[in-house]
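Step one of this worksheet: look at the structure below.
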Amino acid sequence: MSVAFAIEPLAEDALLLRFGDGIDATINARVHAAAHALRAVNLPGIIDIAPAYATLLVRFDAFVRGGEALSEAITRALCRRFRGSDELTAAVPGNPAAQRVEIPVCYDGEFGQDLEAVAEYARLSHGEVIARHTAAEYTVAMLGFAPGFPYLLGLDAALHVPRRADPRTRVPAGSVAIGGAQTGIYPRELPGGWNLIGRTPLALFDPDRDPSCLLAPGDRVRFRAIDADEFAQHAERRA
Amino acid sequence: MTIEVLKPGLLTTLQDIGRLGFAHLGVGRAGAFDEPVLCIANALCGNPHDACTLEVTLLGPTLRLNAAAWVAVAGAPLPLRIDGLEQPMWAPVHVPAGATLELGAMRSGCRSYLAVHGGFDATPVLGSRSMDVNAGLGPNGGRPLRAGDALQMGSAPQPGSGSVPRTDWRIRQNAGESEPDPISKWRLDPRPWFRGDTNQPLRLLPGKHLDRLTPTSRNTLFSEPFVMHANSNRVGVRLVGPALAWMSPIEMVSEGCGPGLLQLPPSGEPIAFGPECPVSGGYPRIGQIAAVDIPRLAQMRPGDPLRFTPCSFDDALGALRERERALDALTANIAARLAHELHRPQRGPR
């Protein structure tokens, strides 16, 4: 039986399920589909099910069940769910529990410090950069780097702009940024090398809120342009 | 029941066993770097193994306790003083109300754990009281202790264990002692849990890209020592030493990872991940330090030599099982001994 993924041991208590290599929407959708299916079957001993671009990390209690036995159980569960490999290979179900989230972004002034540079590199006007950035629907490929930082797939090819040669030591919380083929949002003040094109007044991550994270892996995201007044209103409501 | 921080020490943080189950949100585990020692310090205070402690780095804090407490310090050897009087590590110790507890500079190793009976109390964040300094998560936003901070002691054993000795030691306390004295006249032999020798190699499980190293580099990896760089912390331990090279460039995207992962960034200097590491990483992977050897990584200090030896997953898991059995047996023994000693004075004839 051939399956559409390989299982690699990572540590005594961790496996990596590999669905392909590279950054690819189809492969990433399979990762989310498998993550959803594994959460649903709830195999004993599993602690973490964490999607990345092309791989799914499964961390487990090695004293409940060893890696080999868990690998077999995972293979059985995923093959049962996706009827062998066909469905995982052909159809791309993604995560059926995915939410659609709209994120307001102010692209004006200091919020979009690098908008100028991005527009110049892309040979577009400011307005065109914003129009293209708000037109697309993105998928949360994974969360990482910092709690609640979403790596978003689906950026318009015209907006693929290399990272800054000189990374900033402080990127403000809420910054919406472009790094190569990806766009993302800084949940808090962090160092970073991506190009800042705007800022959202929403809290991406708040450990005192339930759920703590605005976005979950596999969620669909759209950006909506707002002006400085609306940004201020949002920010006031949060405070 | 508060503890006032007079001097914070070099890097002192609240740590329990960390937050589990949030990797998909980009939230790492954090928690004690040397987990078995955390468990032992807790056992010596009659706490559940996963109660919250202070993790102390190289130079310990000076604290004032406003109420009497039962404490224990385990880990890297340091001078432990109560109102200036030297006290044993690896033993339950009684601190009178108002006394000053001073943890000095470590003679070797890098991390020790101060446990108090009842645990350190703070509002858990995502299920844990651990401070994740790198992620800015946990009590006080993950900020390490500062002078003037006030820490809370739990008034009762935290839930999660049925084998905690009752707090009859309060009765001893009321029986008139105000001088600091060890609660018991014994202390543990630290050797199985803190060796302080840096010659023994760390066991390394094969990583995805191990066989992409040049044959010379693979040989070097397991035959020559590396040195721990000063720019190391709970996120990662940086190693300097012999150059390692790939046979051909490796392209990869970010993949899940955890503490113990040994990556080789383009700088050519390997990084071994610690408890505050990110949940994913995009550098090629040489290997994974066996879980049973993570405590030894935790006890390395800048300038220490560090060697690797190859290890299979089966052997690593076997060694981990053996250690867990030994740790379970030890903590059960400590609990039984404490229960016996602490109950005895109050038991009159029936």
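First to last, the protein sequences are chains A and B.
First residue of the first sequence: 0, per numbering that gives the first Met the number 0; consecutive thereafter.
First residue of the second sequence: 0, per numbering that gives the first Met the number 0; consecutive thereafter.
Using N, Cα and C, we set each Cβ at its ideal position, and we do this for glycine too.
All values derive from a computational prediction rather than experimental measurement.
Closest in alpha carbon position to residue 206 (chain B), among B:284, B:216, B:267, B:199, is B:284. Per DSSP, residue 74 (chain B) is one residue of the beta strand (DSSP E) stretching across 68–74.
Proximity of chain B to residue 212 (chain A) at the Cβ level (cut-off 7 Å) is accounted for by 24, in chain order. The beta carbons of residue 7 (chain B) and residue 145 (chain B) sit closer together than 8 Å.
Per DSSP, the unbroken alpha helix (DSSP H) holding residue 35 (chain B) starts and ends at 34–43. According to DSSP, residue pairing for residue 109 (chain A) in a beta bridge does not occur. Listed in chain order, the beta strand (DSSP E) elements of length 3 or more contained wholly in the region 137–198 of chain A are 137–142, 149–152, 167–170, 174–178, 181–184, 189–191, 194–198. If you draw a 10 Å sphere on the C-beta of residue 254 (chain B), you find 16 or more other C-beta atoms in it, and that means buried. Within its own chain, the residues whose Cβ lies closer than 7 Å to the Cβ of residue 183 (chain A), once the five positions on either side in sequence are excluded, are 148, 149, 150, 151, 176, 193, listed in chain order.
Sorting B:19, B:270, B:312, B:241 by C-alpha distance to the C-alpha of residue 30 (chain B) places B:19 at the top. If you draw a 10 Å sphere on the C-beta of residue 339 (chain B), you find fewer than 16 other C-beta atoms in it, and that means exposed. For residue 69 (chain A), no Cβ of chain B is located within less than 8 Å of the residue's own Cβ. In the DSSP assignment, residue 50 (chain A) falls within the beta strand (DSSP E) that extends over 45–50. Residue 275 (chain B) counts as buried, since no fewer than 16 other beta carbons sit within 10 angstroms of its beta carbon. Note: residue 3 (chain B) is bridge-paired with B:63, B:149 in the DSSP secondary-structure output.
The Cβ atoms of residue 288 (chain B) and residue 319 (chain B) lie no closer than 8 Å to each other. Following the DSSP letters along the chain, one finds residue 287 (chain B) in no alpha helix (DSSP H) but inside the beta strand (DSSP E) bounded by residues 284–288. In this structure residue 64 (chain A) does not touch residue 48 (chain A) by the C-beta definition: roughly 15 Å separates them, more than the 8 Å allowed.
In this structure, A:104 is the residue among A:104, A:54, A:46 with its C-alpha nearest to the C-alpha of residue 195 (chain A).
By the C-beta criterion, the region 118–131 of chain B is judged to be in contact with the region 9–25 of chain B, since at least 3 inter-stretch pairs fall below 8 Å.
For a Cβ distance threshold of 8 Å, residue set 320, 323 of chain B lies close to residue 62 (chain A), ordered along the chain. Taking C-beta separations shorter than 6 Å and ignoring five residues to either side along the sequence, the partners of residue 9 (chain B) in its chain run 56, 57, 58, following chain order. Rounded to whole angstroms, the separation of the alpha carbons of residue 140 (chain A) and residue 27 (chain A) is 6 Å. When the five nearest sequence neighbours on each side are left out, the beta carbons in the same chain lying within less than 6 Å of the beta carbon of residue 55 (chain A) are those of 16, 30, 33, 34, in order along the chain. From the listed residues A:228, A:220, A:77, A:113, the smallest Cα separation to residue 4 (chain A) is found for A:77.
Residues of the region 105–139 of chain B with a Cβ closer than 8 Å to any Cβ of chain A, in chain order: 124, 125, 134, 135, 136.
Residues of the region 282–302 of chain B with a C-beta atom less than 8 Å from some C-beta of chain A are 287, 289, 290, listed in chain order. Of all alpha-carbon atoms in A:80, A:81, A:198, the one lying nearest the alpha-carbon of residue 112 (chain A) is that of A:198. Nearest in C-alpha terms to residue 68 (chain A), of all of B:91, B:335, B:332, B:313, is B:313. Along the region 41–58 of chain A, the positions whose C-beta sits under 7 Å from a C-beta of chain B are 46, 47, 48, 49, 50, 51, 52, 53, 54, 56, 58, read in chain order. The continuous beta strand (DSSP E) containing residue 272 (chain B) extends over residues 270–272. B:66 is the residue among B:83, B:66, B:108 whose C-alpha sits nearest the C-alpha of residue 115 (chain B). With 16 or more other Cβ atoms from the protein chains shown falling within 10 Å of its own Cβ, residue 11 (chain B) counts as buried. Setting aside the 5 residues that flank it on each side, residue 40 (chain B) is surrounded in the same chain by 52, 71, 73, 112, 114, each with a C-beta closer than 6 Å to its C-beta; the list follows chain order. With contacts defined as CB atoms closer than 8 Å, residue 135 (chain A) and residue 153 (chain A) qualify as a contacting pair.
For residue 227 (chain B), DSSP records a beta bridge to B:238.
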